[in-house]
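See structure below.
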Amino acid sequence: MRVEDWDVVVAGAGVAGLFCALNLPEGTRTLVICKEDAATCDSMLAQGGMCTLTGPDDREPWIADTLAAGHGDNDRAAVEAMVDGSPAVTEALLSLGVAFDRRPDGSLDHTREGAHSRPRIVHRADTTGAAVTEALLAAVRALPWVEVRERCPMEDLLVEEGTDGRRCAGLLARDADGPVELRAGTVVLATGGVGGLWERSTNYPCLTGDGIEACRRHGVAVEHLDWVQVHPTSLYSEGPGRAFLISESCRGEGAVLIGADGRRFCDELAPRDVVTAAIREQMGREGSRSVRLDFSAVGEDVVRGHFSHIYETCLAAGHDILAEPVPVVPAQHYLMGGIACDLWGRTSLDGLLACGETACMGVHGSNRLASNSLLEAMVFAARCAETASGEPPRVAPGAAHPEMRPPAGAAAAADATA
Ligand SMILES: Cc1cc2nc3c(=O)[nH]c(=O)nc-3n(C[C@H](O)[C@H](O)[C@H](O)COP(=O)(O)OP(=O)(O)OC[C@H]3O[C@@H](n4cnc5c(N)ncnc54)[C@H](O)[C@@H]3O)c2cc1C
Numbered sequence: 008m009r010v011e012d013w014d015v016v017v018a019g020a021g022v023a024g025l026f027c028a029l030n031l032p033e034g035t036r037t038l039v040i041c042k043e044d045a046a047t048c049d050s051m052l053a054q055g056g057m058c059t060l061t062g063p064d065d066r067e068p069w070i071a072d073t074l075a076a077g078h079g080d081n082d083r084a085a086v087e088a089m090v091d092g093s094p095a096v097t098e099a100l101l102s103l104g105v106a107f108d109r110r111p112d113g114s115l116d117h118t119r120e121g122a123h124s125r126p127r128i129v130h131r132a133d134t135t136g137a138a139v140t141e142a143l144l145a146a147v148r149a150l151p152w153v154e155v156r157e158r159c160p161m162e163d164l165l166v167e168e169g170t171d172g173r174r175c176a177g178l179l180a181r182d183a184d185g186p187v188e189l190r191a192g193t194v195v196l197a198t199g200g201v202g203g204l205w206e207r208s209t210n211y212p213c214l215t216g217d218g219i220e221a222c223r224r225h226g227v228a229v230e231h232l233d234w235v236q237v238h239p240t241s242l243y244s245e246g247p248g249r250a251f252l253i254s255e256s257c258r259g260e261g262a263v264l265i266g267a268d269g270r271r272f273c274d275e276l277a278p279r280d281v282v283t284a285a286i287r288e289q290m291g292r293e294g295s296r297s298v299r300l301d302f303s304a305v306g307e308d309v310v311r312g313h314f315s316h317i318y319e320t321c322l323a324a325g326h327d328i329l330a331e332p333v334p335v336v337p338a339q340h341y342l343m344g345g346i347a348c349d350l351w352g353r354t355s356l357d358g359l360l361a362c363g364e365t366a367c368m369g370v371h372g373s374n375r376l377a378s379n380s381l382l383e384a385m386v387f388a389a390r391c392a393e394t395a396s397g398e399p400p401r402v403a404p405g406a407a408h409p410e411m412r413p414p415a416g417a418a419a420a421a422d423a424t425a
């Protein structure tokens, strides 16, 4: 088999994998691999936006909203790390040219979604994920010390016995030239979610939890794999394929859920699991396969401006949301559990780090608050870069508490329950 040697190999080219690669020190020989093309990742699909700290007075309310949505199953220290890391991530994205929407006075436009007590979400219309991911991809591709290799699925971890015990020595993968052993000082798993395993999901079908499965195979700790979030509002369709998401921010801007009788039946801004349960009950009561989302209270300018992607996609599917309520149904959306990690991305296997949706840092508890995941992925990706290199993140140096450095040694999550 061909053998390649790298300093760091990152599996996954969504925001987590890309932000990690971008934050490694200059000259770190890094390979980023992805399963299909680089555009086929959930990061590209994110609509609503990314939470960020609007000022010191929002720190506690944001933490409280995240803990409330997560039913208190969250790790508070992880939530604090995400919130405190947000200004550095937002600054880094702005410096990379991400043109988040602004108000007429030039300040960032913060929107609000379900279960948020305040507006704190930066966005680029309703295609925020594409704006962020494309900027990160362009920035990573410009680094001469990083290679992004598309259509290179990871097939397994390379685990070796050393004098100090077991260690991840690289990945086994397959690229255009066949099987390849990718040896590395550090491996970062950023392989995203598990929606591809579900019949109806908002995720890309190729996201099948491969990093998690490889960890299970080698006895690396994973946790809370039953903490799966269902999004209340995907566009109802009879056909197969990825379910199109209708962002929570539509409800944040006034869209309401109605049953067959045209009446509202729940608080649309309650946490996702609560709204999902209400929709399922309503469908059960009326024997229907969907409920409807009514945009009448959302101004036409907001629909055509802020929600242009949703408007166009629904129109192409035969639903003019400006003229009539659109049928919606819950769909699998996000995995809160995953590979057990400490706050520096370290797994129970030496040499193996994880970040993004495939990792479980404990931020989301058992139910994720809307628009926390892009941010969480990037804050902890920057921390992974620091763990791998021992140096502060290159483009987002403030993404970690300056007083907290990763302790020496690895395998900090070794006692996590499998
Ligand atoms: C429709 C939709 C809307 C969303 N809206 C928002 C939002 O508004 N705000 C928000 O914060 N979050 C949102 N989310 C969630 C958020 O987009 C994801 O949680 C986040 O982007 C995950 O990033 P990631 O880098 O961990 O994974 P992804 O972006 O999914 O990337 C995973 C990467 O892993 C690669 N990969 C997988 N398996 C392998 C393998 N075997 N070998 C090599 N590579 C592999 C894939 O090719 C891909 O490059 C949304 C999600 C969806 C689906």
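Reminder that position 59 of the sequence shown reads as 66 in this note's numbering, one-by-one numbering, no gaps.
Positions of the beta carbon are idealized from the N, C-alpha and C atoms, including for glycine.
If you measure between the beta carbons of Phe-302 and Ala-250, is that distance less than 7 angstroms?
No, the pair does not count as a contact, with Cβ atoms beyond the cut-off.
Rounded distance between the beta-carbons of Arg-66 and Val-90, thought under 8 angstroms:
Contact check for Val-90 and Arg-66: beta-carbon distance about 6 angstroms, within the 8 angstroms limit, so the pair qualifies.
Using 8 angstroms as the threshold, is the region 276-293 in touch with the region 232-243, meaning 3 or more CB pairs across them?
yes
Could you check which residue in Gln-339, Ala-146, Pro-186 and Ala-191 has the C-alpha nearest to that of Val-235?
Gln-339
Assuming the contact rule is C-beta atoms closer than 8 angstroms, Asn-30 and Ala-392 should be a hit. Round their C-beta distance to whole Å, please.
4 angstroms
Short Cβ contact (7 angstroms threshold) for Ala-191 with Val-309:
no
Mapping the DSSP letters down to three states, classify Gly-185 as helix, strand or coil.
strand
CA nearest to the CA of Met-368, picked from His-123, Asn-210, Ala-84 and Glu-331
Ala-84
Just how far apart, CA to CA, sit Met-385 and Ala-23?
5 angstroms
With H, G and I counted as helix, E and B as strand and the rest as coil, what does DSSP make of Ser-244?
coil
Give me the Cα-Cα distance between Ala-425 and Arg-270, rounded to the nearest whole angstrom.
Residue confidence is low: Ala-425 scores 37 on pLDDT, short of 50, so the model does not pin down where it sits. Its coordinate-derived value is still stated next. Rounded to the nearest angstrom, the gap between the Cα atoms of Ala-425 and Arg-270 is 45 angstroms.
Go ahead and label Ser-50 buried or exposed: buried means 16 or more other beta carbons lie within 10 angstroms of its beta carbon, across all protein chains shown.
Answer is buried; the Cβ neighbour count reaches 16.
Alpha carbon to alpha carbon, what distance is there between Glu-120 and Arg-258?
7 angstroms
Could you name the residues of the same chain whose beta carbon sits closer than 7 angstroms to that of Gly-218, not counting the 5 residues immediately before and after it, in chain order?
Ala-18, Leu-196, Thr-198, Ile-346, Ala-361 and Thr-365
Does the region 122-142 come within contact of the region 95-105, defined as at least 3 CB pairs closer than 8 angstroms?
yes
So Gln-54 is in the beta strand (DSSP E); what residue range does that whole segment cover?
First-last for Gln-54: undefined, no H or E at that position.
Given 6 angstroms as the limit, tell me if Thr-134 has its C-beta closer than that to any heavy atom belonging to ligand 1.
no
I'd like to check one pair, Glu-255 with Gly-55: are the Cβ atoms closer than 7 angstroms?
yes
C-alpha gap between Arg-158 and Ala-149, whole angstroms
20 angstroms
In chain order, what residues of the same chain have a beta carbon less than 7 angstroms from the beta carbon of Leu-322, not counting five sequence neighbours either side?
none
In chain order, what are the residue ranges of uninterrupted beta strand (DSSP E) at least 3 long that sit wholly in the region 260-339?
263-265 and 298-301
Only counting the same chain, and skipping five residues up and downstream in sequence, which positions put a Cβ closer than 6 angstroms to that of Met-8?
Pro-186 and Glu-188
Val-147 in three-state terms, based on DSSP:
Of the three classes helix, strand and coil, the one that applies to Val-147 here is helix, per DSSP.
Using a threshold of 7 angstroms, state whether the C-beta atoms of Ala-122 and Leu-164 are closer than that.
no
On the three-state DSSP scale, how would you describe Leu-165?
strand
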